[in-house]
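Reading through the structure tokens given below for one structure.
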Amino acid sequence: SADYGLGAAGLVRYGFDSEVVDFQRPAGAIGVTGWRADLRPTVSLDLTGPGYFVRPALAWRATGYQLDHTSPGQPRSPSRKLPVASFDTGLLFERESGSHAKRKLTLEPRILYLEVPYRNQDQLPVFDTALPDLNPVELFRTNRYVGADRVSDANQVSAGITSRLLDARDGRQFLAATIGQTYYFVTPRVTLPGEIPATGKRSDFVAQLALTAFRHWSADAAVQWNPQTKSSERAQVNLQYKSANNAVVNLAYRYERSIPLLDTVESGFEQVEASGAWPIRRSWNLFAREVYSLRDHEPLERFAGFEYRACCWRVRLGARRYVSSHVPGAGQDTGVWLQLELAGLASVGSASDASLTEVIRGYAPAEATAFKNQGPLSGVW
Numbered sequence: 002s003a004d005y006g007l008g009a010a011g012l013v014r015y016g017f018d019s020e021v022v023d024f025q026r027p028a029g030a031i032g033v034t035g036w037r038a039d040l041r042p043t044v045s046l047d048l049t050g051p052g053y054f055v056r057p058a059l060a061w062r063a064t065g066y067q068l069d070h071t072s073p074g075q076p077r078s079p080s081r082k083l084p085v086a087s088f089d090t091g092l093l094f095e096r097e098s099g100s101h102a103k104r105k106l107t108l109e110p111r112i113l114y115l116e117v118p119y120r121n122q123d124q125l126p127v128f129d130t131a132l133p134d135l136n137p138v139e140l141f142r143t144n145r146y147v148g149a150d151r152v153s154d155a156n157q158v159s160a161g162i163t164s165r166l167l168d169a170r171d172g173r174q175f176l177a178a179t180i181g182q183t184y185y186f187v188t189p190r191v192t193l194p195g196e197i198p199a200t201g202k203r204s205d206f207v208a209q210l211a212l213t214a215f216r217h218w219s220a221d222a223a224v225q226w227n228p229q230t231k232s233s234e235r236a237q238v239n240l241q242y243k244s245a246n247n248a249v250v251n252l253a254y255r256y257e258r259s260i261p262l263l264d265t266v267e268s269g270f271e272q273v274e275a276s277g278a279w280p281i282r283r284s285w286n287l288f289a290r291e292v293y294s295l296r297d298h299e300p301l302e303r304f305a306g307f308e309y310r311a312c313c314w315r316v317r318l319g320a321r322r323y324v325s326s327h328v329p330g331a332g333q334d335t336g337v338w339l340q341l342e343l344a345g346l347a348s349v350g351s352a353s354d355a356s357l358t359e360v361i362r363g364y365a366p367a368e369a370t371a372f373k374n375q376g377p378l379s380g381v382w
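Per my numbering: the sequence shown = residues 2 to 382.
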């Protein structure tokens, strides 16, 4: 990918994103395999000033495949080409708040208009594309899918507003609240296999609240609210403690309403989670995680391990027991991994750093000689 601007102010910007992937399956597995190339050149304007931004953009999305093991009647070299036009703009209002003007309160409205023509994509395979959970970040993306196998048609406006309470001296955020919704001038027609097509003119409301006012404690909550059924589709609450020596403990609750899929499978879940990483001595660190299903009354994942750090190397050992299938009555799998890492060199073993940062929120691998305090996190979903 590349992005660069023209002129002294860089008002006109050119971007180019590209991806070429070879998708294969395990030996004996049945399904389509092959190559996918995805290209997206973009030209945009970046008009930014005190308290506002305006960013119109025009992109061209071209995706092509070279497939093997296709079904009868399915093309081996399908492709898709379409333009993507967007107009993104926002404002920033702020005023002093509190005694002696120690706080700053902001109001940040934002609007995105998006237009993408419809293309029938039923002949394209689905390798790595999914419909993500709706949240304030997803409202302002130019494709409601994650992955290149589907590009949603769109003629819509997304609107949201954020308010933050900041420290007037250093800009540190104490509290942030966001709410938003998308209005469809034309209901999207592109779907994934098994996806229930959209029917209304408006998306669900999405809202989130993040509290980071305390030194070691942070909390956030998010909800997706359906105005037609007057019920929540998804909800999540997170509570985190993070100490000065990089110890972190998380508690979380997650809920998603059940939705019938393909008349045979139901989505949805209700879970609680506890996770953490805790230094017990200067060179030793323990970490663990458990996810429990309130709906199925059983643990979905248990994960634990330890890390030992010396001046020039560190070693990690961990074990995980988890449900590998969502089919009722499915058994649990067990895995064990070991990693040795030399300072300044590549590691030997599994990529546990990435795994730990994904499963233990707020975990930051410490340097071999000292802990590093990263501060609380406030992201949601």
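Note that CB positions come from ideal geometry on N, CA and C, so glycine has one too.
Whole-Å CB distance - residue i paired with residue j, under 8 Å assumed
i, j, result
"Arg-321", "Glu-302", "7 Å"
"Arg-151", "Val-191", "6 Å"
"Phe-304", "Val-249", "About 15 Å separates the two Cβ atoms, so there is no contact after all."
"Gly-35", "Leu-68", "4 Å"
"Ala-169", "Arg-104", "6 Å"
"Arg-258", "Ser-294", "With a Cβ gap of about 15 Å, Arg-258 and Ser-294 do not count as contacting."
"Gln-182", "Phe-206", "5 Å"
"Leu-113", "Ser-159", "5 Å"
"Ile-180", "Gly-195", "30 Å between Cβ atoms; not a contact."
"Asn-247", "Ala-365", "6 Å"
"Asp-134", "Arg-235", "6 Å"
"Ala-428", "Leu-240", "Outside the shown range of the chain (2 to 382) lies residue 428, about which nothing can therefore be said."
"Leu-132", "Leu-193", "6 Å"
C-beta atoms of residue i and residue j nearer than 9 Å
i, j, result
"Tyr-53", "Leu-93", "yes"
"Leu-212", "Thr-163", "no"
"Asp-154", "Arg-203", "no"
"Ala-199", "Tyr-185", "yes"
"Thr-90", "Val-55", "yes"
"Cys-312", "Leu-343", "no"
"Ser-46", "Leu-12", "Checking the sequence, you will find Leu at residue 46 rather than Ser. Contact: yes."
"Phe-24", "Asp-129", "yes"
"Leu-339", "Ala-278", "no"
"Glu-299", "Glu-274", "no"
"Arg-315", "Leu-341", "yes"
"Arg-37", "Val-22", "yes"
"Arg-362", "Ser-276", "yes"
Sequence-distant residues of the same chain with beta carbon closer than 6 Å to residue i, five excluded per side
i, result
"Val-238", "Ala-222, Tyr-254"
"Asp-39", "Glu-20, Thr-64, Ala-149"
"Ala-352", "Because Ala-352 sits at a pLDDT of 49, beneath the cut-off of 50, its placement in the model cannot be relied upon, and the following sentence gives the value as read from the coordinates. Counting only Cβ-Cβ distances below 6 Å, and skipping sequence neighbours, we find nothing."
"Ser-98", "Arg-104, Leu-106"
"Pro-51", "none"
"Leu-48", "Val-55"
"Pro-57", "Leu-46, Phe-88"
"Val-44", "Tyr-15, Leu-59"
"Asn-156", "Glu-116, Phe-186, Val-187"
"Asp-264", "Residue confidence for Asp-264 is low, a pLDDT of 42 falling below 50, so the modelled location carries little weight and cannot support an answer."
"Ala-3", "Phe-17"
"Val-224", "Ala-208, Ser-233, Ala-236"
Contact set for residue i: own chain, Cβ-Cβ below 7 Å, skip 5 residues either direction
i, result
"Val-85", "Ala-60, Arg-62, Val-117, Thr-143"
"Phe-307", "Trp-285, Asn-286, Leu-287, Leu-318"
"Ala-214", "Phe-175, Leu-176"
"Val-33", "Leu-68, His-70, Thr-71, Pro-126"
"Ala-102", "Ala-169"
"Gly-201", "Gln-229"
"Arg-26", "Gly-32, Thr-34"
"Tyr-323", "Leu-301, Glu-302, Gln-333, Asp-334"
"Pro-110", "Gly-91, Leu-92, Ile-162"
"Asn-227", "Asp-205, Glu-234"
Residue range of the unbroken beta strand (DSSP E) whose run includes residue i
i, result
"Ser-219", "218-227"
"Glu-20", "13-24"
"Arg-37", "34-46"
"Thr-335", "333-343"
"Asp-386", "Outside the displayed range of the chain (2 to 382) lies residue 386, so it cannot be described from this structure."
"Gly-52", "Element bounds for Gly-52: n/a, residue is neither H nor E."
"Gln-237", "232-243"
"Gly-6", "3-7"
"Val-249", "249-257"
8 Å Cβ shell around residue i - same chain, five flanking residues per side excluded
i, result
"His-1", "Any answer about residue 1 is impossible in this case: the structure gives the chain only from 2 up to 382."
"Leu-125", "Thr-64, Tyr-66, Pro-79, Arg-81, Asp-150, Arg-151"
"Ile-281", "Leu-287"
Interface flag, residue i vs chain D, CB-CB below 9 Å
i, result
"Ala-305", "Here there is only one protein chain, and chain D is not present."
Open item on the list: For a minimum of 3 consecutive residues, which ranges assigned as the beta strand (DSSP E) are wholly contained in the segment 89-150?
Closed with: 94-98, 104-117
TODO: Would you mind listing the beta strand (DSSP E) stretches within the segment 175-225 that are 3+ residues and don't spill past its ends, in chain order?
DONE: 206-212
Open item on the list: Report the start-end ranges of each alpha helix (DSSP H) in the segment 268-315 that is 4 residues or longer and not cut off at the edges.
Closed with: none
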